[in-house]
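Colleague:
Protein chains in written order, with the numbering used here: chain A, 76 to 373; chain B, 167 to 638.
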């Protein structure tokens, strides 16, 4: 019966041809091209000199690349905790029987993730502005003038400062995913646990969390992938400064390729981003698998 | 079978639709461009044809890429003059379809770098001084030495402006738009008089002395911006460096003739720069704001002086004339004070023209097209352009205007003219030369140095390493 309604392979191929073609040209070809160009000394003109793996040897020793990689990893960690962690907590609060207008909360929370990252950067620049910014105004208002700072020029705290808009923007995005996961769980489970005397924190840790664990793990993977290629927020807010204190890998690749006309090395950094992201995502998934298996055994 | 045929037809039609969709758009754009280019009244056309030069032998498309957008042209003399000349040239060449790709400056730089990398440049484009040597050597820019020699405006050309676009005696670009100072100080003369200075201080020590007075008034001494990282180089170091090293040092550096970034005189300039920024005379957030924001500090009276380029001075003048006539009347221009220990010329300012029009060497394959491209460049950089920008804005570019009547301009515009072209010696703008790879590395370090996170010696060493990499 199933075979009778299954379309012929050629038909399936016919329908899949365009998406696959699109995928090949938008993902595979640029990646392969970057890998190819990374083997050349190419300063932007038509002349390319084959230098083998020299660019990669430079990359391994390039302290700015590794500093930028460290910043990406920091953003990943901050966003996993800040975006997914906070989204989880907020979802539990919204789901509480005491909260009214749940739909309104959901819509408003999701709203920032629909705004262009560059605008988000500009909005938060106004918040962090030294002279007219909201934070410094507030600190002055409460009499803490000594805490007033040029927030976008503090090497020690700049990564936290640029992580805040990123976290703020995507909390709503993960809230929607987590909400849909919770709503698919049978409500009776929550009611029974409540009758049995479990408080809100106990219900969150021992009931909700294990039941939506797989969804949370998907969120973590999305979060890691998203933050390894972050570019526009940082570009709008600090351009990677002061110095390279908030530089990230994608921005460094852009600066190298277009501002310093070193297309060959810029391509090498792109491949560097690809490999490090793959390793990080792979590592996270391995951890996830190990954790999931352990939990299931338990 | 029928279904298979239908599937195939559907797939094929999707493919054709998508391809023809692209085709239609392109044709449409080309047609619109052609219409736009030739849509002039018949009488004008005939007149234009009668006036047209020998380059009319070429009939077809000429592609031009530049960054003089309509928005940029509002108040920017170079952009306005360039657009005006392009429109006039287009009107007088009805047989040529001029396809312009006009982008904002930052996007332009990214796109032109991409096109250069693919050897797919337009027929005529704007070349940056820092790219000229390499692009010329790579065959991306046509040797225009003879074009310059044969130009009808050759005698009026300010020859020194070709330096940034010349390598081994070959000229790869004809300087375009308008030149101006990159290192000027605008100050509120009334406030400084109150601080005890009838004219702007001639030494930085005196500027620092004024800090106490302005602190009491709750005003910053000087406004500055360096978020984008190029400002510390282009609107400060390029002048101060020269005061320490003298003019010959940079010429030697450009010619790879022995000068080094690690030379003591340049390190001294960096050290001075670090110290003066640490003295507290500048707005604390200079590393976190761009010049669009910083110049508003001067306009709103938050600082007593502001350091910037001609683009800032014209904006500040135009804004104050409308919003604050008193501050406008009190605003005067000053050259950088001399740092202690600097042995180079005093009263210098960095001045030049960082952009030129270049021709894609592929254009030379068609002599008629090349003649049209050259004619376009003569028009947009020559006497017509010079007379337009001098009579409307009191500025000039490559070609000296026939005459300049300053009397019809306000005092600040007159001051800027004299500041830029008459009163002071010009030094070269660092980042109009050598390579963007070098300046990108130096500018990033400068930002850290101004925060005190890296020493001047380390900045000099890193710059020297980047320089050697570029020059090898």
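The C-beta atom is built at its ideal place from N, Cα and C for all residues, glycine as well.
1. Among the candidates B:351, B:385 and B:615, whose CA atom is the shortest distance from the CA of residue 317 (chain A)?
2. How many whole angstroms separate the CB atoms of residue 566 (chain B) and residue 580 (chain B), which I take to be in contact at a CB cut-off of 8 angstroms?
3. Can you list, in chain order, the residues of its chain with a C-beta nearer than 7 angstroms to that of residue 534 (chain B)? Leave out the 5 residues immediately preceding and following it.
4. In chain order, what residues of the segment 210-227 of chain A put their CB closer than 7 angstroms to some CB of chain B?
5. So that I know if they touch, is there some Cβ in chain E lying closer than 8 angstroms to that of residue 395 (chain B)?
6. Assign residue 352 (chain B) to one of two classes, buried (16 or more other C-beta atoms within 10 Å of its C-beta) or exposed (fewer than that).
7. Please check the pair residue 348 (chain B) and residue 508 (chain B), which I expect to be a contact at CB under 8 angstroms, by giving their CB distance rounded to whole angstroms.
8. On a CA-only basis, which of B:255, B:270 and B:301 is nearest residue 524 (chain B)? Give me that one, please.
9. So which residues of chain B does residue 205 (chain A) contact, with C-beta pairs closer than 7 angstroms?
10. Would you call residue 82 (chain A) buried or exposed, if buried means 16 or more other Cβ atoms sit within 10 Å of its Cβ?
11. Check whether the segment 215-229 of chain A and the segment 245-261 of chain A are in contact - that is, three or more C-beta pairs closer than 8 angstroms.
12. Which whole-angstrom value is the C-beta distance of residue 195 (chain A) and residue 294 (chain A), which I expect to be below 8 angstroms?
13. Taking C-alpha atoms, which residue in A:249, A:277, A:282 and A:272 lies nearest to residue 264 (chain A)?
14. Find the nearest neighbour of residue 512 (chain B) within the set B:400, B:636 and B:405, judged by alpha-carbon distance.
15. Can you give me the C-alpha to C-alpha distance between residue 92 (chain A) and residue 100 (chain A), rounded to a whole angstrom?
16. Within its chain, find whatever has a CB closer than 8 angstroms to the CB of residue 617 (chain B); leave out the 5 residues flanking it on each side and keep chain order.
17. Got a sec? Which residues, its chain only, sit under 6 angstroms from residue 362 (chain A) by beta carbon, not counting five neighbours each side?
18. Report the neighbours of residue 305 (chain B) on chain A: residues whose CB is nearer than 7 angstroms to its CB, in chain order.
19. Mapping DSSP to helix, strand and coil, what is residue 388 (chain B)?
20. Relative to the C-alpha of residue 289 (chain B), which residue among B:538, B:490, B:529 and B:589 is closest?
21. Suppose the cutoff is 6 angstroms on Cβ atoms and the five residues either side in sequence are ignored; what does the same chain contact list for residue 416 (chain B) look like?
22. Applying the criterion that 16 or more other CB atoms from any shown protein chain within 10 Å of the CB defines a buried residue, is residue 505 (chain B) buried or exposed?
23. Checking contacts by CB at 8 angstroms: is residue 319 (chain A) closer than that to chain B?
24. To the nearest angstrom, how far is the alpha carbon of residue 275 (chain A) from that of residue 152 (chain A)?
25. In three-state DSSP terms, what is residue 287 (chain A)?
26. Considering only residues of the same chain and omitting the five flanking positions on each side of residue 337 (chain A), which have a CB-CB separation below 8 angstroms?
27. Pull out every residue of the segment 112-136 of chain A whose Cβ sits closer than 8 angstroms to any Cβ of chain B, in chain order.
28. Give a yes or no on whether the minimum CB-CB distance between residue 422 (chain B) and chain A is below 8 angstroms.
29. According to DSSP, is residue 231 (chain B) helix, strand or coil?
30. Please work out which residues of its chain come closer than 6 angstroms, Cβ to Cβ, to residue 198 (chain A), disregarding the five sequence neighbours upstream and downstream, and give them in chain order.
31. Which residue marks the beginning of the alpha helix (DSSP H) containing residue 433 (chain B), and which one marks its end?
32. Cutting at 6 angstroms between CB atoms, please list the residues of its own chain near residue 629 (chain B), excluding the five before and the five after it.
33. With 8 angstroms as the C-beta to C-beta threshold (strictly closer), list the residues of the segment 225-250 of chain A near chain B in chain order.
34. Taking residue 337 (chain A) as the query, report the chain B residues whose CB atoms sit under 7 angstroms from its CB, ordered along the chain.
35. Starting from the Cα of residue 132 (chain A), find the closest Cα among A:348, A:86 and A:343 and give me that residue.
36. Could you pull out every residue in the same chain whose Cβ sits closer than 8 angstroms to the Cβ of residue 207 (chain B), ignoring the five residues on either side in sequence?
Modeller: Answer, in terms of the structure:
1. B:615
2. Residue 566 (chain B) to residue 580 (chain B), Cβ: 18 angstroms. No contact.
3. Once the five neighbours on either side are set aside, the close Cβ partners of residue 534 (chain B) are 223 and 224.
4. 225 and 227
5. Considering every chain present, this structure includes no chain E. Its protein chains are A and B.
6. buried
7. Wrong, their Cβ atoms sit about 18 angstroms apart, outside the cutoff.
8. Comparing Cα-Cα distances from residue 524 (chain B) to each of B:255, B:270 and B:301, the minimum goes to B:301.
9. 450, 451 and 454
10. exposed
11. no
12. About 20 angstroms separates the two Cβ atoms, so there is no contact after all.
13. A:282
14. When only C-alpha atoms are compared, the closest one is B:405.
15. 12 angstroms
16. 453
17. none
18. Going along chain A in sequence order, the residues near residue 305 (chain B) (Cβ under 7 angstroms) are 121.
19. strand
20. B:529
21. 594
22. With 16 or more other Cβ atoms inside 10 Å of its own Cβ, residue 505 (chain B) counts as buried.
23. yes
24. Rounded to whole angstroms, residue 275 (chain A) to residue 152 (chain A) spans 26 angstroms at the Cα level.
25. coil
26. Close CB contacts of residue 337 (chain A) within its chain, under the 8 angstroms cut and outside five residues either way in sequence, are with 117, 118, 119 and 331 (chain order).
27. 117, 118, 119, 120, 121 and 122
28. no
29. strand
30. Apart from sequence neighbours up to five positions away, no residue of its chain approaches residue 198 (chain A) with a beta-carbon distance below 6 angstroms.
31. 430-444
32. 427 and 608
33. 225, 226, 227, 228 and 230
34. Within chain B, the residues near residue 337 (chain A) are 603.
35. A:343
36. Any reading at residue 207 (chain B) must be qualified, since the residue scores a pLDDT of 41, below 50, and its modelled position is unreliable; no value is offered.
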